Amino acid sequence: MVEGVGFAVEVGEMYRVPAGARHVVGPGSHGTLVIVEELGAWTRSTSTGDQLLSAHLPWLCSVLPMDDYPTRVPDGLSRRAQYFASIHGLRLESLGAEQYRGDWSERGIPEAVVDRVVAFEERWGGVVLPPAPTYNGGPARFCPDTPERAPAGGWWFWAGDQRAAVPYSFMIGPRGEFGLGTSRWVPLHASVDGWVESVALTHHAAMWAKQITKVAGDDVDALELGSYEPVPEVEGLADQWWRGTDSLIAVHTGQAEFFSRPDYRTAVIYSGLDHWGLHG
C-alpha cells in the first residue's frame, strides 16, 4: 500500500485522487523517490506507511512498481552512472517525436535535426533522475519538443521540463551539448550523458566524502587545480569536475556565464575520499 495525504491506494489499482499539480516529483517518507503523473504513479517502495510528502495528484492514477526500469538504462555510461540511473531513476512516457517527423519536415526542419531529436528520445526520453544540487535541480524529466533555430546558428531543442520557475530552459544544442538557453546559450556539458554523469557523481561524492566545502565568487579562482585532472566522463564545458588524490571538486560557472555575474560561480570540494569515493 502507498499512502498519501487523505487517501491510500493499493499497488496496481485505480483511484480518483485529489486535484492539484500536473505531476509531483518528490521523496517518500522512507527516502524513496515518488513520481506521480496524470495516468500513472511510480514508487520504489510499496510498504505500508510510505507516504507521498507532496500529494497533489490529478485525474485517475494507477500506482505501479518500476521493477523493469534497470533493463532500460542507456549503455555507454560509467558503472557509477549506470548504477545511479538504475537504482534512483525512473522512465515515464515521452513525446513520441517520430510521429511529428512529417509535420516538422513540412515546417522546414532538416531531416538530420529530426533524427537528432528522435535519437535523444530513444536514449533518454522519459527518464527522471533525482534533482541536482544546482540549476534548481535540472530537468524534471527528459522530454524533447519541436526543434528551433539556435541564436548562434544551427538547431536546438528542449531537453525537458524545469523542476522550478527559472529564467532559462534546459536545451540540447546544435552539437548535442546540454546547457542553458533562451536568447543566450551556455552549454554545461558536451552531451546529455555528461550531465547525467555529473549528477551521478554529485550523489556519489556526497555519500562518501568526509567533508564537503562550498566556495563562491573569487574564491573559486583561488582553488589550486594544478595537481588535479578533469573527470573525462562528465564532458565538462561551463561546468567541470576535477579529481585529486583524495578529493573531487565540482566547478559550476553556467549561471555565472548566463547572467554575466561572476559572483555566481561556485565550487564544491568533496574531501577525504578513498579510491572508491574518487572513482566509484
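Just so you know, we're using our numbering here: the sequence shown kicks off at 671 and counts up by one. A virtual CB, placed ideally from N, CA and C, is assigned to each residue, including glycine. Values in this document were obtained by computation on a predicted structure and should not be read as measured data.
- Segment contact: the stretch 829 to 836 against the stretch 804 to 820, three or more CB-CB distances shorter than 8 Å; contact assigned.
- In the displayed model, Glu847 falls within coil according to three-state DSSP, outside both helix and strand.
- Across the structure, Ala834 and Pro780 are spaced so that their CA atoms are roughly 32 Å apart.
- The beta carbons of Asp916 and Gly887 sit no closer together than 8 Å.
- Nearest neighbour of Leu765 by Cα position, chosen from Gly759, Trp946, Leu747 and Gly796, turns out to be Gly796.
- Bounds of the beta strand (DSSP E) holding Arg811 are Pro809 to Phe812.
- Relative to Ala755, the option among Pro800, Glu899, Val836 and Asp891 whose CA is nearest is Pro800.
- Proximity to Val890 across Ala767, Thr936 and Val856 peaks at Thr936, based on C-alpha coordinates.
- Scanning Ser775, Phe928 and Thr883 for the CA closest to the CA of Ser839 turns up Phe928.
- Excluding five sequence positions before and after Val904, the CB atoms of its chain that fall closer than 6 Å to its own CB belong to Gly864, Glu867, Ser868 and Trp911, given in chain order.
- Nearest in C-alpha terms to Trp825, of all of Arg793, Asp785, Tyr805 and Pro809, is Asp785.
- Listed in chain order, the beta strand (DSSP E) runs fully inside the stretch 822 to 901 are 825 to 832, 839 to 842, 848 to 851, 855 to 859 and 881 to 886, counting runs of at least 3 residues.
- In the DSSP assignment, the residues bridged to Glu818 are Trp826.
- With distances taken between CA atoms, Gly772 lies nearest to Val788 out of Leu907, Tyr940 and Val788.
- Taken atom to atom, the span from the alpha-carbon of Arg777 to that of Tyr770 is near 11 Å.
- CA-to-CA, the gap between Tyr805 and Thr883 works out to about 18 Å.
- Between Val856 and Ala908, the gap from beta carbon to beta carbon is short of 8 Å.
- The Cβ atoms of Ser941 and Ala879 lie closer than 8 Å to each other.
- Annotation for Gln910: the continuous beta strand (DSSP E) segment containing it runs Asp909 to Arg913.
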